[in-house]
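Novice:
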Ligand code: F58
């Protein structure tokens, strides 16, 4: 028998042979995988077979680095960042993995030499839509940056069987279609059936005395489900680091079900199995009221409990016998309040299961967690009614009461007699239906709290979390969001990538600030021409895609004016719609009017239960029908709503945009990240002073940004006074005409009732101040149109926008988190050479 060290050596050798990076080695591996994994001979292999064979080929090359990374972290007991998020919106993996491994061109060559269509294989991949929008995509960008910066990190989340629904447009309406992303197999995940944890749910608690006579609590659950790990490798760009995204899948816990089986109650047992599996069945689309969504609370607890148990397992395995130093080994980031139950769960694990005393457990817990807030909308702050919470997590409710009791004592000492403040700070909302405030739990249980853009953090400190800021100002900081330039430039915009790298070298891919070297080229006419050519070609591609997806012919010469993001009233897609109607009317009335030809492009999903958002989609499609069908407007105005906006589609859209619509009501969009993706790809922004728009404008210069609208302070003021939207309607003939057209059924085939709720709401309530900002927006759009006609100047602005986007890399954001909050340093991963290897295999 071989010793483990001999085995390790032989394993290393065979790995080198199997994971060669030459074109020949890749071709060979691809054909082997087609045969041995897909069991196909070439004549019958489908495109999906080819895609999977290629994905497995790439995966082998990732695993080599992955196992090395894991071993290094193990050997060095590296402090690890655990990013807890209910959503990770990864986007397609193949192209990104090739980019980060640095073998994109080689693999293209290998596949083309085999006579196959490489782009077709990339296209074949269905993306894992395990998130709603910005928050989930941010988590994915952060994983990319963590790996690229060589920080030991694990992303923890949920392996939803059905991700975000797919959207179709029928008769102008959104129709939701279930997302069966796993249907054709997922080659990127490695199931880990041995990494499994039990998670208790429901039932009741009992107090008892342990052998030492201490009072302890035991939780007798109503049911137990098992969480099974499923791992996805996350490679860094140009480094050997491959980190881990560990997603949990719920299964029935056999030992628990056996009781039912054994008692002969077969159907009850089967039923329990189904109920268990339900926990990770489906992602909740946002904006749905959480009332009664017990399953959502179960999902949150399920993935957080599995993740914390996993951390404890690794800790014991690698780092010793005590949990006293747990917080030294892990920095746990809560991506919004969805994982905030972790504060109570870690306390439960430490106190109930590992018998730590309360004070010490609380100290460890607070030093472990940090909390990122992503919203300013009061209705989006999570709360759970007490009866629901108790029915799912009875022990956690007791723990939360205890945390609250001790916390409020502290508050009373600090602010004697200030009962109002005590009530405002309490973890329990006592007004109306009593409920648990998850943001308060997150604040009390964390040592750091951050917002996601400068304005957002300031507003958090002033409003939503004001009392916490009074109490612990030192806990608060701002961490402006960022995006990864690997996916949102190198992978999605190869033309611009080539031009940039040809001009200033390719260091910007890892040091986005190096884009500043582009500045002088804004004055170089030949460079501007090359820049324009890239945009023109990207627009041609996008026009082809729009034709394909919507049947609408659009002119790549026109200004591509784009708004893609989730549908929400605060994001104000309907303000954009009102502008289109105004333009339409002006062009109809004055056929000789000289305007800039425009194509207004929309994309975005509405939550299935969000009536007004769905009506706005219907309105946009109604406008598209009228505008696109009117010969008077030919060559002057087009409207397209591209169905099924997701990461993959975003990658096609950003490179082809001229104008980026970031028009939320000031003070409502926490940060935005689409704004950064557009600007990095050379689109100019029309936007309000909201979220990260403010910082983008500062960075690119106010002269290169189209600003309009009320400020957050003005919105606040107008709200506090008496905002009367109909006064704007009465006073503004253009606005009146636009709303009247909608009301008269022009965009609903004569149906005057259809958009009535939307018009009435705008006239009487207009929560998001669409009418107040209408004229400023229309005027600003006029400036945009004029500016676009001076192509040289527009190109200059576009170049300067890109040159000044360095700050918005997710690498910068992650460096800030690493230094200020997590206190972690990079860990270099060496690819271990086999000691005895003869004749170096095909590795660089
Ligand atoms: C978004 N939040 C913010 N939430 O709206 C956006 O401004 C910010 O840039 C982004 O986070 C990243 O910080 C967001 O996407 C959700 O999708 C929640 C998912 C769970 C249900 C409630 C909404």
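Numbering (the numbering used here), first residue to last: 1207 to 2050. Beta carbons are placed, not taken as given, at the ideal position from N, Cα and C, and that holds for glycine. None of these values were measured; they are calculated from a predicted model.
(1) Tell me whether residue 1507 counts as near the ligand F58, meaning its Cβ is closer than 7 Å to at least one heavy atom of that ligand.
(2) To the nearest angstrom, report how far apart residue 1652 and residue 1831 are at their CA atoms.
(3) Measuring alpha carbon to alpha carbon, tell me which of 1620, 1547 and 1578 ends up nearest residue 1589.
(4) Is the beta carbon of residue 1586 within less than 7 Å of some heavy atom of the ligand F58?
(5) Looking at the unbroken alpha helix (DSSP H) that takes in residue 1615, where does it start and where does it end?
(6) What residues match up with residue 1913 in a beta bridge as DSSP calls it?
(7) Let's test the definition: count the other Cβ atoms within 10 Å of the Cβ of residue 1999 and tell me whether it reaches 16, buried, or not, exposed.
(8) Is the CB-CB distance between residue 1900 and residue 1660 below 8 Å?
(9) Could you check how far apart the C-beta atoms of residue 1263 and residue 1239 are, in whole angstroms? I think they sit under 8 Å.
(10) With respect to 7 Å, is the separation between the Cβ of residue 2022 and the closest non-hydrogen atom of the ligand F58 below this value?
(11) Along the chain, where does the alpha helix (DSSP H) containing residue 1970 start, and where does it finish?
(12) Can you give the beta carbon distance from residue 2009 to residue 1753, rounded, assuming they're within the 8 Å contact cut?
(13) Three or more C-beta pairs under 8 Å: does that hold for the segment 1432-1444 against the segment 1402-1419?
(14) Going by CA-CA distance only, name the one from 1975, 1654 and 1636 that's closest to residue 2026.
(15) What residues in its chain sit with their C-beta under 6 Å from that of residue 1674, if we drop five residues either side in the sequence?
(16) DSSP has residue 1434 in a bridge; who is on the other side?
(17) By alpha-carbon positions, which one of 1249, 1329 and 1272 ends up nearest to residue 1698?
(18) I'd like the span of the alpha helix (DSSP H) that includes residue 1348, first residue to last.
(19) Which whole-angstrom value is the C-beta distance of residue 1606 and residue 1647, which I expect to be below 8 Å?
(20) What does the Cβ neighbour count give for residue 2045, buried or exposed, with the cut at 16 atoms within 10 Å?
(21) Is it buried or exposed for residue 1394, if we count other Cβ within 10 angstroms and need 16 for buried?
(22) State the DSSP-derived secondary structure class of residue 1678, mapped to helix, strand or coil.
(23) Can you check DSSP and say which residues form a bridge with residue 1424?
(24) With DSSP as the reference, identify every bridge partner of residue 1643, one or two as the case may be.
(25) By Cβ distance, which residues of its chain are closer than 7 Å to residue 1635, with the 5 residues on each side in sequence left out?
(26) Below 7 Å, is the gap between the Cβ of residue 1510 and the nearest heavy atom of the ligand F58?
(27) When DSSP labels each residue in this structure, what does residue 1337 get in the three-state scheme?
(28) Under 8 Å, do residue 1365 and residue 1455 count as touching if we go by C-beta distance?
(29) With a CB to CB cut of under 7 Å and the five nearest residues on each side skipped, what residues in its chain are close to residue 1778?
(30) Cutting at 6 Å between CB atoms, please list the residues of its own chain near residue 1298, excluding the five before and the five after it.
(31) For residue 1314, name the three-state secondary structure that DSSP assigns.
(32) What do you reckon, are the CB atoms on residue 1758 and residue 1844 nearer than 8 Å?
(33) Whole angstroms is fine: what's the gap from residue 1355's alpha carbon to residue 1475's?
(34) Quick check on DSSP: helix, strand or coil for residue 1366?
(35) Measuring straight from C-alpha to C-alpha, what distance separates residue 2049 and residue 1227?
(36) Taking residue 1541 as the reference, which of 1685, 1446, 1567 and 1425 has the closest Cα?
Specialist: By the coordinates alone:
(1) no
(2) Rounded to the nearest angstrom, the two C-alpha atoms are 52 Å apart.
(3) The residue with the shortest Cα to Cα distance from residue 1589 is 1547.
(4) yes
(5) First-last of the alpha helix (DSSP H) with residue 1615: 1600-1620.
(6) 1893
(7) exposed
(8) yes
(9) About 6 Å separates the two Cβ atoms, so the contact holds.
(10) In this structure, residue 2022 has its beta carbon at no less than 7 Å from each heavy atom of the ligand F58.
(11) The continuous alpha helix (DSSP H) containing residue 1970 extends over residues 1962-1970.
(12) Not really, about 33 Å apart at Cβ, beyond 8 Å.
(13) yes
(14) 1654
(15) Correct list, in chain order: 1649.
(16) 1402 and 1455
(17) Measuring from the Cα of residue 1698, the nearest candidate turns out to be 1329.
(18) Under the DSSP assignment, residue 1348 falls in the alpha helix (DSSP H) whose first and last residues are 1340-1354.
(19) 6 Å
(20) With a pLDDT of 38 at residue 2045, under the threshold of 50, the modelled position of this residue cannot be trusted, and the question is left open.
(21) Answer is buried; the Cβ neighbour count reaches 16.
(22) coil
(23) Bridge partners of residue 1424: 1412.
(24) For residue 1643, which the question treats as bridged, DSSP gives the partners 1589.
(25) 1589, 1641 and 1643
(26) No, the ligand F58 has no heavy atom inside 7 Å of this Cβ.
(27) coil
(28) yes
(29) 1869, 1870, 1871, 1974 and 1976
(30) Within the same chain, residue 1298 has close Cβ partners 1331, 1333 and 1854.
(31) helix
(32) yes
(33) 48 Å
(34) If DSSP states are grouped into helix, strand and coil, residue 1366 belongs with coil.
(35) Reliability fails at residue 2049, whose pLDDT of 33 lies under 50, so the model's placement of it is uncertain and the value that follows must be treated cautiously. Residue 2049 and residue 1227 have their alpha carbons spaced roughly 6 Å apart.
(36) Of 1685, 1446, 1567 and 1425, the residue nearest in Cα terms is 1685.
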